[in-house]
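Reviewing the structure listed below.
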Amino acid sequence: MISTGMYGIDDMLAGGIPEGSRVLYSLEPGVDGQLFMISTLYEALEKGRSCLVIIPHTTVDAFLHDVGELRGKSLKNQDYRIAILDSVDRERIQRRVGKGGTADQEWQARIKKLCIDNKVEVIFGYFDIIYDDFGLEKGLSLLSRACCPPESTIIIEHLNLEGDTFLESLAVRKAFDLVLAIKSSFRPLPHFNYFTIVYTSWSPQLRRSVPFLVKNGHIVPYIPKIVVTGPPESGKSRFVANATELGMSVDRTGVGGDVTTVAMDFGWLHWKDFDITLYGTPGQPRFDPMLPVILRNAMGVVLLVDATNHEQLTRARHLFKTITKMHVPIVVAANKKDLPGLISEEELRKTIGIGKNIPVFLISAQLKEDVRDVLESLVDSITRFIY
Amino acid sequence: MYSYKTGIPQIDQTTGGFDAGTNLLLLAPSLSYAEQLAYTLTKPLPGEYAIMLSTNERASEVIDQFKIAGADKKFVGVIDAITKSSTPSVSDTERFMFVTNPTDLTGIGIKFSHMIETIFDGTFSEGESGLFPPPIRFCVNSVSTLLMYRKLEVLYQFLHVMTARLKKIEGFGIYILNSEAFDEKTLSLIKQLMTIVIEVKVERSDNYFRVMGIRGVNADWHKFTISKGQVILAL
Chain G
1154 MISTGMYGID DMLAGGIPEG SRVLYSLEPG VDGQLFMIST LYEALEKGRS CLVIIPHTTV
1214 DAFLHDVGEL RGKSLKNQDY RIAILDSVDR ERIQRRVGKG GTADQEWQAR IKKLCIDNKV
1274 EVIFGYFDII YDDFGLEKGL SLLSRACCPP ESTIIIEHLN LEGDTFLESL AVRKAFDLVL
1334 AIKSSFRPLP HFNYFTIVYT SWSPQLRRSV PFLVKNGHIV PYIPKIVVTG PPESGKSRFV
1394 ANATELGMSV DRTGVGGDVT TVAMDFGWLH WKDFDITLYG TPGQPRFDPM LPVILRNAMG
1454 VVLLVDATNH EQLTRARHLF KTITKMHVPI VVAANKKDLP GLISEEELRK TIGIGKNIPV
1514 FLISAQLKED VRDVLESLVD SITRFIY
Chain L
49 MYSYKTGIPQ IDQTTGGFDA GTNLLLLAPS LSYAEQLAYT LTKPLPGEYA IMLSTNERAS
109 EVIDQFKIAG ADKKFVGVID AITKSSTPSV SDTERFMFVT NPTDLTGIGI KFSHMIETIF
169 DGTFSEGESG LFPPPIRFCV NSVSTLLMYR KLEVLYQFLH VMTARLKKIE GFGIYILNSE
229 AFDEKTLSLI KQLMTIVIEV KVERSDNYFR VMGIRGVNAD WHKFTISKGQ VILAL
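Residue numbers (our numbering), protein chains in the order written: chain G, 1154 to 1540; chain L, 49 to 283.
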């Protein structure tokens, strides 16, 4: 397997990219996605693999400088097994043969020679200029087994100006083993970048989409807002505290010594390579005017219910109705499984109105494993959500 | 909705300026005042920001031109597609970003997004801030050069994305195209992406412009000169 250099993505791909695969990183214009290809390149080089990099849009010096700055770590070609074909080579080819004509044969010859001379294992190609020069068929054949060693892995970055129809056409003809599209969206957050695993030939998994940040030269998948809501005393603050590594709760102690959340709970965790932020709402109805503010831009919601308290179910039903209107993934966690008098899952579903497509977990918010199970399910649903 | 003043009295007095989201094609022959006119249109007024994609001049030269036009350089950003080919190690700053050459549409798109982000998060102008949401003028100088490096179909798709983004952020886009260097098909395709066209012609060393696409503004030719960033109409 070849690592993508992004461990969260390797997990989703069942360990990385199988050797000999053909991969497309498709970039929507303006989306900061160049680090996807660069992360994979660094990973391959650092594992000692011999790489050929085809950069018809720029020069060797400018490329090495730019990727060094993007990654925060300089890339000196003498330190690694790397061969490069750049814009100067493209100009030489154009001068020799004129545009079109036999330029593709000249490219083929150069790629083949570099692959043989350097025993190349992984080829990284920036496609859009090649596409411009030769069209789709000829362009793809330049970066295929026709020119590259049969066992080599080919990774292509392309500025996709044609949108989803272009990607669908590639998926239909099975031109790639992995198509990963990097895009931006304005919903449910005001603006965010995300990647979608459109297709893999080696894994039957469904299409997945994950928001990401660029942090210190790395791609970090992230979920900026998961909200935990539920009736009073259902265990939301405990759930947030046990789910997260850092956080705080704005609580008030009543006359009888009981503690209740009066503003919100907040926590952060880095988990399975994801940066996740959790917000907990107050449960008392008098704080309901705050709910839309806290729920706004949430990418998923946990509804926490005290599974031993029948009196809370009406309130839980009301909150469930509110969150279903948001059209984001929801998971229900029935808390206090360790106490007597548990309400059955069937009754919970019936009384609150929970559909079959929404998972219900019986948990104890005191147990970190239970809390993580709920989060894992919600994160899985969020990554399968189509933006 | 925000209105972008043009500095052209004939337009500003009639319309109050261009609506946010306007994309304007500046169609002009070589050796005309088109570039100066573009700087006048792009110059940020107080509270505004400007971004110039330069395929013909280095960032330092672009800033000099803006200074001549009377702009505050703290509110001007440049995406420079010239300097990096001779100085590969040049690094980006908040207001100066570099791509190797005009073929690199991926890089141009990303640098544009970065600048918009820094404008929105308030880190663009050394702690000074303008209006919010920020009015942003964006100029491509020039579409003609981009067309020499990339195919018309590709550039059309790219400009389609850029003009749409300008609309989304309620900016004002200005795109310079040489009217003599391209065929009718090219001109008409690029015009399709625009809201307004300003055409410039030169007769006996005098420059004229006319405006097409604004209701209430006639498309007559107007003789003009430009001095210190001001458009002066000849009576």
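Ideal Cβ positions, reconstructed from N, Cα and C, are used throughout, including at glycine.
Residue nearest to residue i in terms of C-alpha spacing, selected from the options
{"i": "Asp-1418/G", "options": "Glu-1464/G, Val-1393/G, Leu-1456/G", "result": "Val-1393/G"}
{"i": "Glu-201/L", "options": "Thr-1397/G, Leu-1515/G, Gly-1288/G", "result": "Gly-1288/G"}
{"i": "Pro-1213/G", "options": "Gln-113/L, Thr-131/L, Ser-137/L", "result": "The identity of residue 1213/G in the sequence shown is Val, whereas the question assumes Pro. Among Gln-113/L, Thr-131/L, Ser-137/L, the Cα nearest to that of Val-1213/G belongs to Ser-137/L."}
{"i": "Thr-1363/G", "options": "Leu-1198/G, Pro-1374/G, Ser-1354/G", "result": "Residue identity check: residue 1363/G is Val in the sequence provided, not Thr. Closest by alpha carbon: Pro-1374/G."}
{"i": "Gly-69/L", "options": "Tyr-204/L, Arg-252/L, Phe-186/L", "result": "Phe-186/L"}
{"i": "Ala-267/L", "options": "Ser-275/L, Tyr-256/L, Thr-273/L, Lys-276/L", "result": "Tyr-256/L"}
{"i": "Arg-258/L", "options": "Met-242/L, Gln-58/L, Ser-108/L", "result": "Gln-58/L"}
{"i": "Leu-225/L", "options": "Pro-182/L, Leu-195/L, Met-210/L", "result": "Leu-195/L"}
{"i": "Glu-1310/G", "options": "Asp-1286/G, Glu-1321/G, Ile-1282/G", "result": "Ile-1282/G"}
{"i": "Trp-269/L", "options": "Val-248/L, Pro-183/L, Gly-219/L, Ala-229/L", "result": "Val-248/L"}
{"i": "Glu-1315/G", "options": "Lys-1336/G, Ile-1264/G, Pro-1302/G", "result": "Lys-1336/G"}
{"i": "Leu-1323/G", "options": "Gly-1201/G, Arg-1361/G, Gln-1465/G, Ser-1179/G", "result": "Ser-1179/G"}
{"i": "Arg-1537/G", "options": "Glu-1499/G, Thr-1475/G, Thr-1406/G, Met-1452/G", "result": "Met-1452/G"}
{"i": "Thr-1157/G", "options": "Leu-1217/G, Pro-1377/G, Thr-1306/G", "result": "Thr-1306/G"}
{"i": "Asp-1428/G", "options": "Leu-1457/G, Val-1532/G, Asn-1488/G", "result": "Val-1532/G"}
{"i": "Asp-1232/G", "options": "Ser-1338/G, Pro-1209/G, Glu-1244/G, Cys-1204/G", "result": "Cys-1204/G"}
{"i": "Ile-1208/G", "options": "Glu-1199/G, Asp-1242/G, Gly-1225/G", "result": "Asp-1242/G"}
{"i": "Glu-96/L", "options": "Val-265/L, Thr-141/L, Tyr-50/L, Arg-213/L", "result": "Tyr-50/L"}
{"i": "Ser-1294/G", "options": "Thr-1318/G, Asp-1317/G, Ala-1328/G, Asn-1271/G", "result": "Ala-1328/G"}
{"i": "Arg-1175/G", "options": "Pro-1303/G, Val-1220/G, Lys-1226/G", "result": "Pro-1303/G"}
{"i": "Phe-1345/G", "options": "Gln-278/L, Ser-161/L, Leu-179/L", "result": "Ser-161/L"}
{"i": "Asp-1286/G", "options": "Ile-1269/G, Asp-1257/G, Asn-1313/G, Ala-1262/G", "result": "Asp-1257/G"}
{"i": "Phe-1189/G", "options": "Met-1159/G, Gln-1247/G, Ile-1483/G", "result": "Met-1159/G"}
{"i": "Phe-1348/G", "options": "Ala-1334/G, Thr-1255/G, Val-1403/G, Val-1250/G", "result": "Ala-1334/G"}
{"i": "Ala-1469/G", "options": "Gln-1437/G, Pro-1493/G, Leu-1267/G", "result": "Gln-1437/G"}
{"i": "Phe-146/L", "options": "Asn-104/L, Pro-181/L, Thr-63/L, His-208/L", "result": "Asn-104/L"}
{"i": "Lys-159/L", "options": "Asp-1164/G, Gly-1183/G, Trp-1355/G, Ser-1517/G", "result": "Gly-1183/G"}
Residue i, buried or exposed, once every other Cβ within 10 Å from all chains shown has been counted against 16
{"i": "Ala-1167/G", "result": "exposed"}
{"i": "Phe-172/L", "result": "buried"}
{"i": "Asp-254/L", "result": "exposed"}
{"i": "Gly-1410/G", "result": "exposed"}
{"i": "Lys-1509/G", "result": "exposed"}
{"i": "Asn-1369/G", "result": "exposed"}
{"i": "Glu-1529/G", "result": "exposed"}
{"i": "Asp-231/L", "result": "exposed"}
{"i": "Leu-101/L", "result": "buried"}
{"i": "Gln-240/L", "result": "exposed"}
{"i": "Lys-1478/G", "result": "exposed"}
{"i": "Glu-1181/G", "result": "buried"}
{"i": "Lys-91/L", "result": "buried"}
{"i": "Lys-1229/G", "result": "exposed"}
{"i": "Leu-214/L", "result": "buried"}
9 Å Cβ cut-off: residues of chain L touching residue i
{"i": "His-1218/G", "result": "Lys-132, Pro-136, Ser-137, Val-138, Ser-139"}
{"i": "Leu-1180/G", "result": "Thr-154, Gly-157, Ile-158"}
{"i": "Ala-1256/G", "result": "The premise fails here: Ala-1256/G is roughly 15 Å from chain L at the closest Cβ pair, so nothing lies under 9 Å."}
{"i": "Trp-1315/G", "result": "Going by the sequence as given, residue 1315/G is Glu instead of Trp. Ordered by position in chain L, the residues that pass the 9 Å Cβ test against Glu-1315/G are Gln-205."}
Interface partners of residue i on chain L, CB under 8 Å
{"i": "Glu-1222/G", "result": "Ser-139, Asp-140"}
{"i": "Asp-1281/G", "result": "Leu-153, Thr-154, Val-202"}
{"i": "His-1210/G", "result": "Thr-148, Asn-149, Thr-151, Asp-152, Thr-154, Gly-155"}
Partner residues on chain G for residue i, Cβ-Cβ distance less than 7 Å
{"i": "Thr-103/L", "result": "Those do not exist, as Thr-103/L stays about 14 Å from chain G at its closest Cβ, beyond 7 Å."}
{"i": "Thr-234/L", "result": "Correct list: empty, because the minimum Cβ distance to chain G is about 16 Å."}
Presumed contact (8 Å Cβ cut-off) between residue i and residue j, rounded CB distance
{"i": "Ala-117/L", "j": "Pro-150/L", "result": "Their Cβ separation, rounded to whole angstroms, is 23 Å, which puts Ala-117/L and Pro-150/L out of contact at 8 Å."}
{"i": "Glu-1522/G", "j": "Asp-1459/G", "result": "The pair is not a contact, with the Cβ atoms about 20 Å apart (cut-off 8 Å)."}
{"i": "Gln-113/L", "j": "Tyr-87/L", "result": "5 Å"}
{"i": "Gly-55/L", "j": "Leu-89/L", "result": "7 Å"}
Interface partners of residue i on chain L, CB under 7 Å
{"i": "Ala-1215/G", "result": "Lys-132, Pro-136, Thr-148"}
{"i": "Asp-1285/G", "result": "Arg-198, Lys-199, Val-202"}
{"i": "Leu-1312/G", "result": "Leu-153, Thr-154"}
Q.
At a CB distance below 8 Å, what residues from the segment 155-173 of chain L approach chain G? Give them in sequence order.
A. Gly-155, Gly-157, Ile-158, Phe-160, Ser-161, His-162
Q: Could you please tell me which residues of the segment 184-214 of chain L, in chain order, have their CB closer than 7 Å to any CB of chain G?
A: Arg-198, Lys-199, Val-202, Gln-205, Phe-206, Val-209, Arg-213
Q | Contact set between the segment 50-79 of chain L and chain G, restricted to residues whose Cβ is under 7 Å from the partner | A | none
Q | the segment 1365-1392 of chain G: positions lying closer than 8 Å to chain L by Cβ | A | none
Q: Mind checking the segment 1163-1188 of chain G against chain L and listing, in chain order, the residues whose C-beta falls within less than 9 Å of any C-beta there?
A: Leu-1180, Glu-1181, Pro-1182, Gly-1183, Val-1184, Asp-1185, Gly-1186, Gln-1187
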